[in-house]
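Each residue of the sequence shown is one higher than the one before, starting from 286 at the first, in our numbering.
By construction, the Cβ of each residue, glycine as well, lies at the ideal position given by its N, Cα and C atoms.
Predicted model, so just to flag it, every value in this text is computed and none were measured.
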Amino acid sequence: MRILYIDIDSLRPDHLGCYGYHRKTSPNIDSIAKQAIRFDNYYVTDSPCLPSRTAMFSGRFGIHTGVINHGGLAADPIPDGAPRGFRSSLAHTNWMTCLRQLGLRTGMISSFPERHSAFHLYAGFSEMFNPGKGGMELADEVTPPALDWLARHGHEDNWFLHINYWDPHTPYRTPESFGNPFKNDPLPAWLTDEVRKQHWSSYGPHSAQEVNGFRPAEPWLADYPQQPSQMNSMADVRTMFDGYDRGILYADHHIGILLKTLSDMNLLDDTAIIITSDHGENLGELNIYGDHQTADHITNRVPLIVKWPGLTSTKVDTSLHYHFDFAASVIDLLGGKIPDNWDGQSFAPSLRAAKPAGRPYLILSQGAWSCQRAIRFDDYLCIRSYHDGYHPFPEIMLFNLKQDPHEQHDIALSNPAIVATAMTHLDHWLADMMRTATHPTDPMWTVISEGGPLHTRTFLPAYLERLRATGRSDHADALHKKHPNE
286 MRILYIDIDS
296 LRPDHLGCYG
306 YHRKTSPNID
316 SIAKQAIRFD
326 NYYVTDSPCL
336 PSRTAMFSGR
346 FGIHTGVINH
356 GGLAADPIPD
366 GAPRGFRSSL
376 AHTNWMTCLR
386 QLGLRTGMIS
396 SFPERHSAFH
406 LYAGFSEMFN
416 PGKGGMELAD
426 EVTPPALDWL
436 ARHGHEDNWF
446 LHINYWDPHT
456 PYRTPESFGN
466 PFKNDPLPAW
476 LTDEVRKQHW
486 SSYGPHSAQE
496 VNGFRPAEPW
506 LADYPQQPSQ
516 MNSMADVRTM
526 FDGYDRGILY
536 ADHHIGILLK
546 TLSDMNLLDD
556 TAIIITSDHG
566 ENLGELNIYG
576 DHQTADHITN
586 RVPLIVKWPG
596 LTSTKVDTSL
606 HYHFDFAASV
616 IDLLGGKIPD
626 NWDGQSFAPS
636 LRAAKPAGRP
646 YLILSQGAWS
656 CQRAIRFDDY
666 LCIRSYHDGY
676 HPFPEIMLFN
686 LKQDPHEQHD
696 IALSNPAIVA
706 TAMTHLDHWL
716 ADMMRTATHP
726 TDPMWTVISE
736 GGPLHTRTFL
746 PAYLERLRAT
756 GRSDHADALH
766 KKHPNE
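Shown next as structure tokens:
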């Protein structure tokens, strides 16, 4: 079996044509989607980048691996300890090792392990190529080594190639020569000037007045004119949407090059093609502009498009799935055994039967910008914040995603019974997770005990000063009251 796994960083599904987006961002991805199964409710268990990919390639929740943050103790897998043999449990049970045991050559084209010192993600890969810019490379620096790999190994019978594109990730930097086909296209209708003004008067890292973190701009951003530093007007909103969508289109253009290469090699029809992401990207939702800071529908939901030769499908699967459930399904489809320590569960039987079947609910986590767990069930998303990441989030939020996909209306206070159902799901999941953990502490509490998520540590005093200097003293007072010791 030949498997091409295309991993586009920060890609949210609703900015792809095949998921209903009104802008033409993804003609090549859309062409694959016409031959594929499209998954509409596919979520990463742990966000953002490092926790997500660790969970995906280990098949395990962050609460089990220990990786839920971008720094501190919860940024590295928990060691096996005394039971560790000559090789670690990760070496024996990671996704790529399972595929190699099934006879596949495994290759990676990505700078991600070096970017996050996530060298455990190399486990099980036969061959790795690092483009070398820590996630700042453009697609035109990723595609050539991918084409070289395909030239050397494409005609082999069994391989898995992971290709990591970064172009939709901030700072927006698509080559000017590529043009901007979206300059006259309508913006997404939900983000009106009224919404922008409400966000402007509020606060939080990457909010409307501080799009690049806790300050409006950094000196190095002068090299990236496509990246707005504040949402002063709807013109800035347009700059953000155009920059993000141009990044998607540029990655899509290079996917077209890969597809043409496979076609020229007479391999396209016989190759499984997977298109997905490590997390989504809030583009104004919850007053977060161009970042991935929450355990919400926008950050944790990602696309999954699967073209698998010979596999009948329903074309659209609306069931609830975790991302590592797909990893388990690949092992199952190839006739392998899913490791006993995996949390991922195969949905291959439902794919074969063309009858979607997913999880009754999902638990989503975030530990790098905030400390949150969310419950996704029925039409709802309920978010429990343990550390708000210096946003004005209440402890519990509830959104009806069918009616409010951009999470503008928190309905928690008016729906206590729905919140209670969500909290029951969370309690049961936590009990199951800690009962099966190999360590005594939930890593979420490790992060909190260290001073909170990595990306908010030490910033609060200076941010309180900025809030007061920009006429938001009431917000500064409220934030200081919530975090008196930080």
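For this session: Would you kindly report the start and end of the unbroken alpha helix (DSSP H) that includes E750?
Result: L745 to A754
Problem set entry | Per-residue DSSP class, three states only, for E412 | strand
Exercise. Going by beta carbon distance, what residues of the same chain come within less than 6 Å of W777, once the five residues before and after it are set aside?
Worked result: The structure shown does not extend to residue 777, since the chain is modelled only from 286 to 771, so the question has no answer here.
For this session: With DSSP as the reference, label Y407 as helix, strand or coil.
Result: helix
Exercise. Does the distance from the C-beta atom of M519 to that of R481 stay below 8 Å?
Worked result: yes
Problem set entry | Alpha-carbon to alpha-carbon, T455 and Y529 | 8 Å
Problem set entry | Cβ distance (whole Å) where R338 is taken to contact A403 below 8 Å | 7 Å
Exercise. Who are the near neighbours of R458 in its chain, counting only those whose CB is closer than 6 Å to its CB and skipping five residues on each side?
Worked result: Y509
For this session: Check each candidate in D470, H438, R669 and G621 and name the one with the smallest Cα separation from G392.
Result: H438
Problem set entry | Alpha carbon of D433 to alpha carbon of V427, nearest angstrom | 10 Å
For this session: With DSSP as the reference, label N585 as helix, strand or coil.
Result: helix
Problem set entry | CB contact flag (R669, Q657, <8 Å) | yes
Problem set entry | According to DSSP, residues forming a beta bridge with D576 | N567
Problem set entry | DSSP-derived helix/strand/coil call for I293 | strand
For this session: Quick one: residues in its chain with C-beta nearer than 6 Å to the C-beta of W654, no 5 flanking neighbours on either side, listed in chain order?
Result: Q578, G674, P738 and H740
Problem set entry | Closest by C-alpha distance to R751, when choosing among K319, C303, S699 and P490 | P490
Problem set entry | Per DSSP, cross-strand counterpart(s) of W444 | R287 and R390
Problem set entry | Proximity to H377 [Cα-Cα], best of P588, G344 and E422 | If we check each option's Cα against that of H377, G344 comes out closest.
Problem set entry | the ligand SAH heavy atom lying under 7 Å from the CB of Y450 | No copy of the ligand SAH occurs in the structure displayed, which carries no ligand at all.
Exercise. Between which two residues does the alpha helix (DSSP H) containing L483 stretch?
Worked result: Checking the displayed sequence, the identity of residue 483 turns out to be Gln instead of Leu. Counting along the chain, the alpha helix (DSSP H) containing Q483 begins and ends at D478 to W485.
Exercise. Quick one: what does DSSP say R658 is sitting in, helix, strand or coil?
Worked result: The answer is strand: DSSP assigns R658 an E or B state.
Problem set entry | Of the listed residues G620, P677 and P690, nearest to R661 (C-alpha basis) | P690
Problem set entry | Three-state class that DSSP yields for D610 in the structure shown | helix
For this session: Can you give me the Cβ contacts of F684 inside the same chain, cut-off strictly under 6 Å, excluding the 5 residues immediately before and after it?
Result: By the criterion of a C-beta distance shorter than 6 Å, F684 is surrounded in its chain by L666 and E692, once the five residues flanking it on both sides are discounted.
Problem set entry | Euclidean distance between Cα positions of L698 and S396 | Computed Cα separation, rounded: 44 Å.
For this session: At 3 residues or longer, and completely inside the stretch 681 to 768: list those beta strand (DSSP E) runs for me, N to C.
Result: 681 to 685
Problem set entry | Beta-carbon spacing of M708, D695 below 8 Å | For M708 and D695, no; Cβs fall outside 8 Å.
Exercise. Unbroken alpha helix (DSSP H) runs of length 4 or more, entirely within the stretch 479 to 541: which are they?
Worked result: none
Exercise. For the 8 Å Cβ check, are there 3 or more pairs between the stretch 313 to 330 and the stretch 552 to 567?
Worked result: yes
Exercise. What number of angstroms, rounded off, separates the C-alpha of L375 from the C-alpha of P364?
Worked result: Taking the CA atoms as reference points, L375 sits about 10 Å from P364.
Exercise. Can you list, in chain order, the residues of its chain whose CB lies under 7 Å from that of A613, leaving out five sequence neighbours each side?
Worked result: Only G344, I623, W627, G629, Q630 and S631 meet the Cβ criterion.
Exercise. Are the Cβ atoms of R606 and G565 separated by less than 8 Å?
Worked result: Before going on, a small fix: residue 606 reads as His here, not Arg. No, the pair does not count as a contact, with Cβ atoms beyond the cut-off.
Problem set entry | Closest Cα partner of A659 within the set G351, A722 and D581 | D581
Exercise. Going along the chain, which residues of its own chain have a beta-carbon closer than 7 Å to the beta-carbon of T310, five neighbours each way excluded?
Worked result: H300, L301, G302, D530, I533, L534 and D537
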